[in-house]
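Undergrad: A single structure is presented below for examination.
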Amino acid sequence: YLYPDGRQVNPDLTWAVQPTPEEHIKVTAEQYELYCEMGSTFQLCKICAEHDKDVRIEPCGHLLCTPCLTAWQ
């Protein structure tokens with residue numbers, strides 16, 4: 092980061108994006124099977140809604156498909 096006075100600061104923020112055990116959700120095999128049967132679109136890219144998400148943008152963690160990422164860049 093470049094401050095208005097020209098001072099450069101590049102703090103290490105990797106600790107902020109590391110998941111903690113409290114953030115993990117425990118799912119039983121039965122719950123997972125039910126979820127799969129629901130026909131969820133969770134894995135679909137939210138931009139095009141056609142392709143599965145396969146790319147994670149760092150450091151924000153947004154998920155999208157490769158074609159949408161390529162078009163966005």
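In this note's numbering, the protein residues as written are 92 to 164.
Note that the Cβ used here is the ideal one computed from N, Cα and C, for glycine as well.
Suppose you measure from the CA of E141 to the CA of A107; what does that come to, to the nearest Å?
TA: Cα to Cα, the separation comes out at about 31 Å.
Undergrad: Take C151 as the anchor and find which of E121, T105, N101 has the nearest alpha-carbon.
TA: When each option's Cα is compared against that of C151, the closest is T105.
Undergrad: Between the C-alpha atoms of L154 and T161, what's the straight-line distance to the nearest angstrom?
TA: About 13 Å.
Undergrad: Shortest alpha-carbon distance to Q134 belongs to which of R98, C156, L93?
TA: The option with the nearest alpha carbon to Q134 is C156.
Undergrad: What whole-angstrom Cβ distance do C127 and C159 have, given they're in contact under 8 Å?
TA: Not a contact, Cβ separation roughly 24 Å.
Undergrad: For the alpha helix (DSSP H) containing P158, name the first residue and the last one.
TA: Per DSSP, P158 belongs to the alpha helix (DSSP H) from 157-163.
Undergrad: To which residues of the same chain is L93 closer than 7 Å at the C-beta, ignoring the five residues directly before and after it?
TA: Cβ within range, chain order: Q99.
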